[in-house]
Amino acid sequence: GVPLWPVCCLRGVPVVTTETRYALLVEDELLVAMVAMDALDELGFRVLEASSAALALELAQAHQGAIAFAMVDLGLPDRPGEDLVCELRGLYPTLPIIIASGKGAGAVDGGVRSLANVAFVTKPYDFENLRVTIERVSSGASATSAGSARPRSNRPPSTSSSGSCARAGSTRSRCRSTRVSARLSSG
């Protein structure tokens with residue numbers, strides 16, 4: 006539909022010019038994204054939807070200071086969700102992030118799991134669990150409120166900007182190799 010708030014564009018990405026609570030939803034499966042969008046809408050958030058890490062980063066940069074939290078799927082088409090978490094954290098050091106997966110919390114790299122203001126939810130989503138998780142990560146934000154987290158700079162994010170993310174990268178490649186070999190041997 007037609008937006009009811011002032012909008013301008015940055016490289017084709019809509020930029021909202023009024024204060025609003027946004028949830029950045031990064032999910033490549035349409036039906037799962039629809040369920041999450043309905044839940045987030047019911048919780049009072051406007052949803053910025055991205056089906057890839059690249060689009061999520063564009064939206065995060067275009068909506069500086071308006072994103073209350075990000076909800077990131079682990080299995081994205083263009084890069085692992087853990088990498089996106091680190092890139093978002095490079096842009097917004099205090100941004101609360103919820104990692105979503107149907108595989109359980111053990112599927113998330115330990116370095117990423119140990120980051121501040123990061124939580125995990127399992128799919129399929131349970132509305133009450135999602136609500137509680139959003140409240141928990143949002144209240145765990147630093148003195149800067151989650152909705153007004155500011156980016157570090159305008160330069161592209163680097164996964165090495167956080168020690169935990171940098172460590173996560175080295176262990177993640179080993180874990181990914183193990184998962185690939187396990188899938189090959191079981192299928």
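Just so you know, we're using the numbering used here here: the sequence shown kicks off at 6 and counts up by one. For each residue, glycine too, the CB sits at the ideal point set by N, CA and C.
inquiry  = Using 8 Å as the threshold, is the C-beta distance between Ala61 and Tyr27 below it?
reply    = With contacts defined by Cβ atoms closer than 8 Å, Ala61 and Tyr27 do not form a contacting pair.
ask   = Between which two residues does the beta strand (DSSP E) carrying Ser144 extend?
value = Unbroken run through Ser144 is the alpha helix (DSSP H), Phe132 to Ser144; no beta strand (DSSP E).
ask   = What is the DSSP secondary structure of Thr164, reduced to helix, strand or coil?
value = For Thr164, the pLDDT reaches just 39, beneath the cut-off of 50, and the residue's location in the model is therefore unreliable, leaving the point undetermined.
message = Could you check whether the stretch 94-102 touches the stretch 34-46, counting it as contact only if at least three pairs of C-beta atoms, one from each stretch, sit closer than 8 Å?
response = No: fewer than three Cβ pairs fall under 8 Å.
key: Start and end residues, alpha helix (DSSP H) containing Asp46   = That run of the alpha helix (DSSP H) goes Leu35 to Glu47.
ask   = How do the stretch 108-116 and the stretch 63-77 stand: do at least 3 beta-carbon pairs fall below 8 Å, yes or no?
value = Of all C-beta pairs linking the stretch 108-116 to the stretch 63-77, fewer than three are shorter than 8 Å, placing the two stretches out of contact.
request  = Consult DSSP for Ala124 and reduce its assignment to one of helix, strand or coil.
outcome  = Strand.
query = Going by C-alpha distance, which of Ser143, Gly107 and Asp88 is nearest Val117?
reply = Nearest option by C-alpha distance: Asp88.
key: Per-residue DSSP class, three states only, for Gly152   = With a pLDDT of only 36 at Gly152, under the threshold of 50, the placement of this residue in the model should not be trusted; the figure read from the coordinates follows. Gly152: helix per DSSP, three-state reduction.
query = To which residues does DSSP link Gly80 through a beta bridge?
reply = Beta-bridge analysis with DSSP links Gly80 to Pro85.
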